[in-house]
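What follows is one structure encoded as structure tokens, with my remarks underneath.
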Amino acid sequence: AEDTIKVGILHSLSGTMAISETVLKDTVLMAIDEINAKGGVMGKKLEPVVVDPASNWPLFAEKTKQLLGQDKVSVIFGCWTSVSRKSVLPVVEEMNGLLFYPVQYEGEELSKNVFYTGAAPNQQAIPAVDYLMSKAGGGAKRWVLLGTDYVYPRTTNKILRAYLKSKGVADKDIDEKYTPFGHSDYQTIVADVKKFSQGGKTAVVSTINGDSNVPFYKELGNAGLKAKDVPVVAFSVGEEELRGVDTKPLVGHLAAWNYFMSIKNPTNTEFIKKWSDYAKAKGIAGHKDKPLTNDPMEATYIGINMWKQAVEKAKSTDTDKVIAAMAGQTFKAPSGILSKMDEKNHHLHKSVFIGEIKADGQFNVVWKTPGPVKAKPWSPYIEGNASKPDEPVKGMSVVKK
Amino acid sequence: MSTPFPTINDSLLAEQGTDLAPKVPAQARPPAPSSPGRVELPGKGPLLTRSGWSAFVIALIVVCAVAPVLNLWVPEGHALHLSTYAVALLGKIMCYAICALAMDLIWGYTGILSLGHGVFFALGGYTMGMYLMRQIGADGNYKSNLPDFMVFLDWKELPWHWTFSDSFVATLILIVAVPGIVAFVFGYFAFRSRIKGVYFSIITQAMTFAAMLLFFRNETGFGGNNGFTDFKRILDIPIATPSMRMTLFVMTGLTLLGFFLFAKWLVGSKFGRVLQAIRDAETRVMFSGYSPLGYKLTIWVISAVMCGVAGALYVPQVGIINPGEMSPANSIEIAIWAAVGGRASLIGPIVGAFIVNGAKSWLTVAYPEFWLYFLGALFIGVTLFLPNGVVGLVKKLRKGAEQ
Amino acid sequence: MTPDLLEEGARRVQEHQALVERQNNTASGGRNASTGRIATPGEVDVTHGRILYLQDVSVSFDGFKAINKLSLDIAPGELRCIIGPNGAGKTTMMDIITGKTRPDEGTVFFGSTIDLLRHKEADIAQLGIGRKFQKPTVFEQLTVFENLELALKTNKGVKASMFFRLDSLQSDRLAEILVTIHLADSVNRLAGNLSHGQKQWLEIGMLLMQDPKLLLLDEPVAGMTDEETARTAELFLTLKGKHSLMVVEHDMSFIRTISEIVTVLCDGSVLAQGTLDQVQADERVIEVYLGR
Amino acid sequence: MRLRHLLFYATLFIAAHAHALSADEVKGIIFGETDTRVEALNKAALTADEKTVAFIQALSDDAVKTSGDKVFVVKDDKAFDPVTGAEQPLPQDAEDVINPNMMRSELDNALAALKLLSKDEQLRREAIKTLGSDSDEARLPLIEKAWAAETVPALKDQLEMMRAAILLGSSDRAKRLEAAGLLSASKNPATKTVLIERLGTELDADVKVALQAALAKVEASLAWGDKLGAIFSGISLGSILLLVALGLAITYGLMGVINMAHGELMMIGAYATYVVQGLFQKYLPGAFDWYLLAAVPVAFLASALMGAVLERSVIRFLYGRPLETLLATWGISLMLQQLVRSIFGAQNVGVENPVWMSGGVQVLGNLSLPYNRLVIIGFAIAVLLGMGWLIGRTRLGLFVRGVTQNRPIASCMGVNTARIDTYAFALGSGIAGLAGCALSQVGNVGPDLGQGYIVDAFMVVVLGGVGQLAGTVYAAMGLGILNKFLEGWTGAVLAKIAVLVIIIIFIQKRPQGIFAMKGRSAEA
Amino acid sequence: MLNVKNINQYYGGGSHILRDVSLEAHLGKVTVLLGRNGVGKTTLLKSLMGLVPIKTGSIEFDGQQIQKYTPYERARAGIGFVPQGREIFARLTVEENLCMGLAYKSASTPIPAELFELFPVLKQMLNRRGGDLSGGQQQQLAIARALAAKPKLLILDEPTEGIQPSIIKDIGRVIRMLADRGDMAILLVEQYYDFAEELADDYLVMERGEFIARGLGKNMPADGVRQMVAI
Ligand SMILES: Nc1ncnc2c1ncn2[C@@H]1O[C@H](COP(=O)(O)OP(=O)(O)OP(=O)(O)O)[C@@H](O)[C@H]1O
Ligand SMILES: Nc1ncnc2c1ncn2[C@@H]1O[C@H](COP(=O)(O)OP(=O)(O)OP(=O)(O)O)[C@@H](O)[C@H]1O
Ligand SMILES: [Mg+2]
Ligand SMILES: [Mg+2]
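Chains as they are written, first to last, in the numbering used here: chain A, 32 to 432; chain B, 889 to 1291; chain C, 934 to 1225; chain D, 45 to 568; chain E, 12 to 242.
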């Protein structure tokens, strides 16, 4: 109907990514309920259109076409993996749609039609390494960069390697290791890490993806590698992932995020409460008994609220107008800062927190950046990026007619 | 026909007429066969029946004329307008239908279940994808002549396997050659070692799994997990235009119809019957003087090439190719389309591909949280109640109606 | 109307019987004096008067010697009957000849030039050795017609098959064989739906279509009525002379109808050889095989 | 529990020059940057008295809270002042003291150091182990004292090593040389670290040589552990593959059902384990550590029941049509996955290792065998033997094999084929459930659990030779060890690819699997 | 013992195979069923075993109506079956094959020793896989398997196929002996006419799914049965 604004939700509800993405769908639905309860946007109610791209990358593109072309949604919240975003990107650009992407990623991309509400590498990886190098973080001298073999870990590690080098770490003190998708036996890897760590104070930077984390951490526990000996900092492990792990042996290992559930401030308390109530009311499996929030959920939540503000500012859902209105939007984020959309580069300014795993599966924030950090989607540690403009360039990825 | 040595026939004919008087005691003499002297031999059937041909022509018209008109000339918003989305969807499903057809040849007719056809599909797709990547030229993120991911991985020049990727003609050849050669080598060794049944299925699965992991690696030079996306041009013509899309759609449709006729001819020939004989009793085939290796290898390569072509048509239409296409589950799905439609019937797998994928597309939107139940139930239902697939059901109904 | 193969056969039976009687009266112990070779300008060289030649062949399965230094030869045009107790190794011997089983040692020659151990099953069939299995094996999902068509002697390469069309001569022959095997009114039935005996016939029909130089027949009349057994005998006798046959049977009356020389296998090697009467009189044969 | 022990041993080792814990010390340890806290801690530890020990222990147990600049030790829901020991009301806004890693390890070390002089041998042993790799020079006097007092030879040796490790940093060249000599006998991986670190800074040529010699020796003695470790991990992976494949060896190997839902049956077993764990947490928290014993039969029954239902409702119509079973079971697997998502949510659920399965036995200095892996290996052997017995030695097994080979004739022999089929499928499913239960101890429990293993399971069964139990065992162990061997060599990704390629090549040589059935019976 | 009335049977496609077939078999008697290839003998036996469904008709065995029974219930009621084409369990050992024959007996029932006297080769090959046996050995195994459970009715479908003459004689003797013991009814389908004639107490001749002649075994030559089966 004309008196509603359609909002597309493009998160996998089945297949391998369902584990992570399902909850984001619910987060958007919760935010939509909340916005609608307050009267909607410009007096119109939001109408969610949920589709399931089933962890199938081409299907992401197809569903995007459908959402934009058939359902005429004004905005899409969706994607988790980089490849799904890459698959969707040409479609949103061609059809001039709007995508909010809520997950930390490797950068090296900037599209006019996408707003990145997750962290760029400099908003997560680099501060984490800084911390581990500091005295308080243990003063690591040797590094194991451990990841699942795909683009995000590869890129992040590439950036980190360059960064470490710039800090004087020798190549022999960096060990880069990859495992296949869905790898579930980490005995050898952990043994190798253990061996590597005999050569000096070692820290592990883990970009292990999704399901492989549980076996990895279980094996860490098995091998008796304690956080105080070899701390592991992970970029993909949050509250939700720890739900499936026996955290006792993991106490003290680290994660770097822009939000933790355990952060104490009124906004977050309210956010958690909203989510708990919503999960209970909707009977969301898992969360109705043990509600958890995490970084991508926060990023999603910020995204949809900023979009709402931008639409209201632009007084239209027209993509170009909304994009223009998004610049500089601010929103009081559950992480405790006043989150700001960069005027130019479509990324949020974010504070970085380092948390240590506690026995109850939550995180102790042991360190944070003094203030929000501006995203650098084009990492200066990658050759050739220095000259890149810090904003989407018109026509760059648009079809040359 | 003249045979160089006397046959049973010759020996009989030679003595014809000399002495036909019965010498066996009367009661022991065999009576003349119950049928009249002439035995009715079944003739060679036409490629398609009359109604078959009319259906074929209708399909041809729909693909080449109706669809383009409805999409390009009927204005958007009109009830008859065929949306771009629908074109893309149908185009994609037609590619899948080619795969299902290919699967039917190897599985339905030859009894060789391949759980690795995704590899050939992906190889065709990647070959096309490489060409499309090169067509981006210097319009990528990094303004380099190299594809973005290579720039980013610090590659200074194209690796050897990209050598021919800038030539469209070479690409067309490679689309056929690459899956063909891979299939040939793999098939040659496997069939020569007489690997059969599940053992063959499992090594095809191992093959696709290994290929997937290989392509996942960034070092392999195919863009790792992200694969290829963001295509811009094909033959220097922008790819994201309605007319280009329609062209690809029509080409896919024609390919599908062409392959269908080809397959029909193939299985109608004696070649096809040897395949079925191999499926039923391979030893007997050997003792009849056929070497199964050649037959299996031929159909295997044909099937792989068909999949490769499907992959090549698929990539520009969906806009992405990545190693996920080689995941074992994808290959199993191909078999499932064939089974749902009805194996060993050629039209069945095509119908199956449309039903399964159509249902998937619809259900993932209509019931995003429950669609797997429906799909799962569909598969179970088909096996339990339609042992010969959907097409089997139609045949049965039609038979029933005739009686 | 095609000439009635069976009547023809019946005539030959009588001729044959007379022949055997005559032979048994000769001093040469029934051995066919005329190994005179039938001119078959083809691959097989039978100038040495032997179309099949096995020497010192042995094979064992998990230590059990199924064939033990077996030596045997067959002349062109000969119809050789093989009998022997269950488990003597008859089927195994055929497996070896057709390339299904590899012997542990020994030589197997087809004609004087072709070493069968160097060939694969399909090659061996192409060379002109056809086989009927003990358990009837036909293509169950194909029709009777298609079964026969596949067996037809033609170029069996891939390309040839794709463009193959039955010519009229071949059709005639096919029709004729259909009549011979009593399946003329089952042309379009699926072979899988035939009864046991009908499958036996079909398999024989396929063998005839294949037109091999050497036919190996493993219990061809098992499960046939006496009447049909007689007809089969006629058929085999028709084939004799132009084809070489090796027939394994336990049906003594059938053997009696067709046999010249009978070889008795036991425990994987030749126990006795001679005319049926000679063999039947052999104490050892009675002991292990015929029973009292 | 630990607090109860505390008083007991705190009295045992009060240092001679101990003095009471002061409020300043407490603040120094609690507030400020981590480095200054550590400094304060170590200072306080040197002159620790009972109260200091109790306080450090409480801090290490996360039982200390702060409010403003006030510090409270919380015990049994009551708060005490660490200095006076007086009970105090705990303010509402009291916050936990956060101990980052560094602080935590210092706390442990401090506590351990204090225990070095304990009379209890066990405590000393633990303390030495905790301190193991620490070569803090400040602790030298304490260690020397402990060394002098130690009577147990093994512990004395270890203390000597610790002393040597510290001496390695001494400014006296002779001492360093001596230390290097001593350390060369060490079998402790931590020694290697110390030696390498020292080598990096050492300037004296002679010492350098000695250090290098010591390092070589230590490394040589560690190499054994590495090798054995690799073999162990291979066996461990093999046993998991075996468990995963055993159920399939029945449903597929014997019954011929291409059971794509096998993974989901494992998943059911794993979720059953999760549910049992939850029930124990709720109703039997005291016996929580033994929940796994209850989970094993429950997992078996849950999956077996599901298997029986599937067999009765779907599979039994498909015997003799193996390829159709592929399709139907694929459908089943989709539905089961979604069912679990609907009930338990899409995210993973957590299954904890019971305490007795955490940790491991230390076999060599650098080789410890984790209990959970050992238990799984044992479990796999038990399941294997049980199944082998059931299939090979019992009438049920005979009937299963007979029925799967020739269903109509078996029924003519008086076998109730329908029932045998159900039993057999349920048995295979139940074993899948057992595998799921085992997997829950080493990996994820989530809706995708099955998908991750299904390909491997089929590979193992087929590689071994369909219908060959012994082959399955060989294949599982072979793949496990091969995989781990290659992984140590080429990395995980290439190893996995290589293993797959090896499988392909291997099948060329053995087209019917490792334990190919030979002869005629194979064709029948 | 066995009383079959008016069985009609059709195969899937609808072809009428058995037409109003009725027969009886009695304890202590050997009933021989003859007929040319493809007339429906095997189909009849399979109908008796319940392996193919019958459309109409009744089967009474040992006083019970068994036409609704499943094959295993019929076996348990005391029918032993030697199928055509051997159908032994190829991948079970000879011993296990024999144990399958004892399936519905209690687990401790031993394999009757007399079987091994009858078929000594089975004893030698106890641990060989059934499928590895020669054709004739398999046939012997199939007969032994059916006898193991000492059935009340023994149904044999061409048991002499592929068996060496001396053993055929033995089998003949055994069948006679079993019948003469008086506690077993025997229904024998046979192509080997002389063998059939020798054993028959009663005979039946089938033609295109119908019985065209029946009578006492001793009358077979007089009734010209040999000619009947000879087309
Ligand atoms: N693969 C095998 N494994 C073990 N034993 C085998 C195998 N193949 C054959 N045999 C044995 O070899 C012997 C010869 O078998 P073969 O089938 O050749 O006998 P046959 O002469 O054809 O007997 P029949 O007249 O009963 O058909 C038999 O004892 C059989 O059990
Ligand atoms: N599954 C089937 N489907 C259709 N027709 C069948 C099937 N099985 C057998 N027939 C047909 O039924 C008829 C009777 O077959 P049956 O096997 O009972 O013959 P039989 O008398 O036992 O012959 P034989 O002596 O050759 O064993 C035959 O014409 C056969 O072709
Ligand atoms: Mg034989
Ligand atoms: Mg029969």
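Glycine included, C-beta positions come from ideal geometry on N, C-alpha and C. Quick caveat, the model's predicted, so the values are computed rather than measured.
Can you find a CB in chain B that lies within less than 8 Å of the CB of K431 (chain A)? Note that K431 (chain A) scores 34 on pLDDT, short of 50, meaning its location in the model is unreliable and no value can be drawn from it.
Give every residue of the same chain whose Cβ lies closer than 7 Å to the Cβ of A92 (chain A), excluding the five residues on either side of it in the sequence, and list them in chain order. If we look at A92 (chain A) and ignore the five residues flanking it on each side, its Cβ neighbours are S118, V119, V122.
Report the residue ranges of all alpha helix (DSSP H) runs contained in full by the segment 1146-1181 of chain B; include only those spanning at least 4 residues, in chain order. Counting whole runs of 4 or more residues, the segment 1146-1181 of chain B contains the alpha helix (DSSP H) stretches 1158-1168, 1170-1175.
Residues in the same chain with beta-carbon distance under 6 Å from N14 (chain E), minus the five sequence neighbours each way, listed in chain order, please. Contacts found: E35, E71.
Would A372 (chain D) pass as an interface residue toward chain B - the criterion being a Cβ-Cβ separation below 8 Å? Yes, A372 (chain D) lies at the interface with chain B (some Cβ there is under 8 Å from its Cβ).
Would P1153 (chain C) be called buried (16 or more neighbouring beta carbons within 10 Å of its own) or exposed? The residue is buried, with at least 16 neighbouring Cβ atoms inside 10 Å.
Give the single residue among A:T47, A:V82, A:K56 whose Cα lies nearest to the Cα of W1259 (chain B). Of A:T47, A:V82, A:K56, the residue nearest in Cα terms is A:V82.
Among residues of its own chain, excluding the 5 on either side of G149 (chain A), which ones have a beta-carbon nearer than 7 Å to its beta-carbon? Only Y132, P133, V134, Q135, Y136, P327, A330 meet the Cβ criterion.
Helix, strand or coil at V235 (chain A) [DSSP, three-state]: Of the three classes helix, strand and coil, the one that applies to V235 (chain A) here is strand, per DSSP.
Report all residues for which the CB-ligand distance to some heavy atom of ligand 3 is below 6 Å; order them along the chain. For ligand 3, the selected residues are C:K1023, C:T1024, C:Q1067, C:D1151, E:S145, E:G146.
For A390 (chain D), which residues of its own chain have a beta-carbon under 7 Å away from its beta-carbon, when the five flanking residues on both sides are left out? Once the five neighbours on either side are set aside, the close Cβ partners of A390 (chain D) are P491.
How would you write the range of the alpha helix (DSSP H) that P1237 (chain B) sits in, first residue to last? First-last of the alpha helix (DSSP H) with P1237 (chain B): 1235-1254.
Could you please tell me which residues of the segment 442-453 of chain D, in chain order, have their CB closer than 7 Å to any CB of chain E? The segment 442-453 of chain D vs chain E, Cβ under 7 Å: L442, F443, R445, G446, Q449, N450, P452, I453.
Over what stretch of residues does the beta strand (DSSP E) that includes T67 (chain E) continue unbroken? Per DSSP, T67 (chain E) belongs to the beta strand (DSSP E) from 67-72.
Would you say Y181 (chain A) faces chain D, with C-beta separation under 8 Å as the test? Not closer than 8 Å to any Cβ of chain D, the Cβ of Y181 (chain A) fails to qualify, so no.
Under DSSP, the beta strand (DSSP E) around D1151 (chain C) begins and ends at which residues? For D1151 (chain C), the enclosing beta strand (DSSP E) stretches over residues 1147-1151.
Taking buried to mean at least 16 other C-beta atoms within 10 Å of its own C-beta, is L158 (chain D) buried or exposed? Buried is the call here.
Between R437 (chain D) and chain E, is any beta-carbon pair separated by less than 8 Å? Not one chain E Cβ lies under 8 Å of R437 (chain D).
Going along the chain, which residues of its own chain have a beta-carbon closer than 8 Å to the beta-carbon of V221 (chain A), five neighbours each way excluded? If we look at V221 (chain A) and ignore the five residues flanking it on each side, its Cβ neighbours are F247, E250, L251, N253, A254, L256.
With 8 Å as the threshold, decide whether the Cβ of P1275 (chain B) is near any Cβ in chain D. Interface residue, yes.
Quick check on the DSSP output: the beta strand (DSSP E) that includes K208 (chain A) runs from which residue to which? Residues 205-210.
At a Cβ threshold of 8 Å, is F1040 (chain B) touching chain A? Interface with chain A (8 Å Cβ-Cβ cutoff): F1040 (chain B) is included.
Candidates B:G931, B:P1216, B:G1229: closest to I1243 (chain B) by CA position: Comparing Cα positions, the closest option is B:G1229.
Cutoff 8 Å: A32 (chain A) Cβ touching any chain B Cβ: In this prediction, A32 (chain A) has a pLDDT of 48, which is less than 50 and means its spatial position is unreliable; nothing more can be read from the coordinates.
Is any heavy atom of ligand 4 found at a distance shorter than 7 Å from the C-beta of D1159 (chain C)? Relative to ligand 4, D1159 (chain C) has its C-beta separated by 7 Å or more from all heavy atoms.
Taking only beta-carbon positions, decide if G282 (chain D) is within less than 8 Å of chain A. Chain A contact via Cβ: absent.
At 3 residues or longer, and completely inside the segment 349-423 of chain D: list those beta strand (DSSP E) runs for me, N to C. Correct list: 404-408, 411-414.
Residues in the segment 107-119 of chain E with C-beta within 9 Å of chain D's C-beta atoms, listed in sequence order? Under the 9 Å Cβ criterion, the segment 107-119 of chain E contributes E107, N108, C110, M111, G112, L113, A114, Y115, K116, A118.
Show which residues of chain D have a CB atom less than 7 Å away from the CB atom of S45 (chain A). Here the neighbours are Q382.
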